[in-house]
Structures are given as C-alpha cells and as structure tokens.
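Under this note's numbering, the letters of the sequence shown match residues 131 to 402, in that order.
Glycine included, every Cβ here is placed at the ideal spot set by N, Cα and C.
Taking it in order: structure first as structure tokens, then the write-up.
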Amino acid sequence: MSETPPTTDVATSDADLLDRTVIAVRAAGAALRERFGDVVRYETREELMQALAVNDSTALDILRPRLTSLLPKAGWVEDELDGGALPPGEWWVVDPAEGNVNHLHALPEWAVTATLVRENRPVLTVVHLPLTGETYTALTGAGAHLDGRPLHVSGTADLGLSIVATSQARPDEDEKVVRRVGSSITGMLFDALVVRTAVPATLHLTNVAAGRIDAFWQFAGARADLLPGALLVTEAGGQISDAEGRPWTPQSDSFLAAAPGVHAEAVATLSR
131 MSETPPTTDV
141 ATSDADLLDR
151 TVIAVRAAGA
161 ALRERFGDVV
171 RYETREELMQ
181 ALAVNDSTAL
191 DILRPRLTSL
201 LPKAGWVEDE
211 LDGGALPPGE
221 WWVVDPAEGN
231 VNHLHALPEW
241 AVTATLVREN
251 RPVLTVVHLP
261 LTGETYTALT
271 GAGAHLDGRP
281 LHVSGTADLG
291 LSIVATSQAR
301 PDEDEKVVRR
311 VGSSITGMLF
321 DALVVRTAVP
331 ATLHLTNVAA
341 GRIDAFWQFA
351 GARADLLPGA
361 LLVTEAGGQI
371 SDAEGRPWTP
381 QSDSFLAAAP
391 GVHAEAVATL
401 SR
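In structure tokens, the structure reads:
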C-alpha cells in the first residue's frame, strides 16, 4: 500500500471518471482474456503463487498507469486480500484478476475490478467480465448498470423461495471462521431454496444487483472482494449490513447483501 495521500482535487466529474475507468478496466480484461484457455498446471504452492502473480501483473501493467493518470494524487491498493479501513483521502482499490484461480483452471468465473474510494466510501466501481464482454458499473447516487441498462435487486419476499450464495473469504482461514462458514451454509440449506457456494464474491454480488439471486453473505473478507459489489447492490436498491444486521464497514467481520424483502430473514438465519 502506498503512503497516505491527500484528498485529490477532482478536475473532472465522477461520471466522467467512471467512463474513463471503464476503458482502463476493459483494456486490462482484454489482456487477461488473451492468456485464458488451457489449465495452468502447478505442483507446489510456490508455483501456484507465481502463476497468479503473472496474471495480476498482466492486468496491473495496464490498470495502474491509466488509473494513476486519471487521479495522480490518489492512493493505490492492489492486495486483494487486504482488509480494514483506509487512511483519509482517495484510493483506487483494484482486483486485477478477481477469481484468478478460476482463470488458471480455465473456469469462466473471473473478472477485473476497480473501485474509487473517497474517505472510506466507494464512489464508483467497474466490474468487467472479459469472457462475456459484460461491464457492471455503479456511481454513488446514480444507480447501478450492466452495459448501460439499469440494475434492480429482486422483489422476492420469502427466503424459502430464494437463491442465496456465499464465498470462501481467503485460503488458510482461521478455523473459527471456517466453522462459522460451514454452520451458516447448513442454516441456509434449511431456510433457503438453493444455496450456491463458489469464488469469487464479486460475481455473486453482481448477481444480487441484477436480481438473479436474492442474497449473498461472507465471513471476514477483503476490501477488493466486497467494495465493488457493495456499491453495485446498494445502487440497485439492495441492503448491505453485517451478518447480524448492523451497518457494514470494511472493518466488519461479516458481510450480507440482500434484496430488501429477504434481508431480515437472512439475518435471522445467519445469527442463529
């Protein structure tokens, strides 16, 4: 993480920044798409980490100079496992290959994301899926969109009729968190219609924003996992909290995004 930056004097509107961020993220996605295809084989954890780093570098070599040119004084966060509050000012929070391990395994669930955070609040976000060409965007106060079309969360009002999802927060998670994840999945298997479990978190959250699934939850987690989807879901009319219904911040130890009609039921299930 870079040193604490002063707040940037924004010379262009946030809407214009969003448009320019879309261009940068799509360019990075195109570079990763060219690398996608065969399963990447590895025999050790070190070889896995090296393969992941190559993908990250491929996208960052495009993203970092382009986004830095838009806001030269903004800070920069590229560690997808980093969490907690940011220092004051403006920061780019990026995940150059969200779902990177899926990319290595020739699975389609991966994306490139970039989120501008101002005084610890997400201002704009871009989530691009290079294999489909889809681009999800959100701007505070201006709604969430998929390729320019407005997004709205589902109108479902019964958790028993809902599709819900969760994601693994990180490898080598604390045993207490792992057991909490397991018990929450069991609870949702009893209370919801269908439970989906997969990485990455961001793609589940795009589905919540688009009304395809009704709720997503995760214990622990990182800024790059959750900030893009949090803004998308909020701007699409959804509710964001921690798993017990309290206001969510990057310091929270759990996260819940849901359609308003099932949020309270989801909190009840996850709080048992």
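Residue i - partner residues in DSSP beta bridges
| i | result |
| --- | --- |
| TRP221 | GLY205, VAL247 |
| VAL257 | THR243, TYR266 |
| PHE346 | ALA295, ALA387 |
| ALA274 | ALA268 |
| VAL130 | This structure cannot settle anything about residue 130, because the visible part of the chain is limited to 131 through 402. |
| SER371 | LEU386 |
| PRO280 | HIS275 |
| GLU228 | ALA241 |
Helix, strand or coil at residue i according to DSSP, with G and I counted as helix
| i | result |
| --- | --- |
| SER384 | strand |
| GLU164 | helix |
| PRO377 | coil |
| PRO252 | strand |
| ALA189 | helix |
| PRO238 | coil |
| ALA141 | Low confidence applies to ALA141: its pLDDT is 39, below 50, so where it sits in the model is not reliable, and the reading given next is rough at best. ALA141: coil per DSSP, three-state reduction. |
| PRO195 | helix |
| ALA118 | Within the shown structure, residues of the chain are numbered from 131 to 402, placing residue 118 beyond reach of any answer. |
| GLU173 | coil |
| GLU305 | helix |
| LEU216 | coil |
| PRO358 | helix |
| THR286 | coil |
| VAL117 | The question about residue 117 has no answer here: the residues shown for the chain are numbered 131 through 402. |
| ALA366 | coil |
| ARG310 | helix |
| ALA340 | coil |
| GLU133 | In this prediction, GLU133 scores a pLDDT of 40, lower than 50, which makes its location untrustworthy; the coordinate-derived value is nonetheless stated afterwards. Residue state, collapsed to three classes: coil. |
Cβ-based burial, residue i [other Cβ within 10 Å; buried from 16]
| i | result |
| --- | --- |
| PRO226 | buried |
| HIS235 | exposed |
| ASP139 | Here ASP139 scores only 39 on pLDDT, less than 50, and its place in the model is too uncertain to base an answer on. |
| MET179 | exposed |
| THR134 | For THR134, the predicted structure reports a pLDDT of 42, less than 50, and the residue's modelled location is therefore unreliable. The matter cannot be settled from this model. |
| ARG292 | The displayed chain sequence assigns Ser, not Arg, to residue 292. Buried: at least 16 other Cβ atoms inside 10 Å. |
| GLY290 | exposed |
| ASP321 | buried |
| LEU319 | exposed |
| PRO280 | exposed |
| THR336 | buried |
| GLY278 | exposed |
| ALA484 | This structure gives no information on residue 484, because the portion of the chain shown stretches from 131 to 402. |
| SER401 | exposed |
Segment contact flag, the segment 292 to 299 with the segment 367 to 383, C-beta cutoff 8 Å, min 3 pairs: no
The segment 270 to 285 / the segment 385 to 395 touching (three or more Cβ pairs under 8 Å): yes
Touch test, the segment 251 to 267 against the segment 342 to 351, Cβ-Cβ under 8 Å, three pairs minimum: no
Inter-stretch contact at 8 Å, needing at least 3 Cβ pairs: the segment 143 to 158 / the segment 237 to 248: yes
Any 3 or more C-beta pairs closer than 8 Å across the segment 195 to 209 and the segment 170 to 177: no
The segment 158 to 165 touching the segment 177 to 196, judged by at least three CB pairs closer than 8 Å: yes
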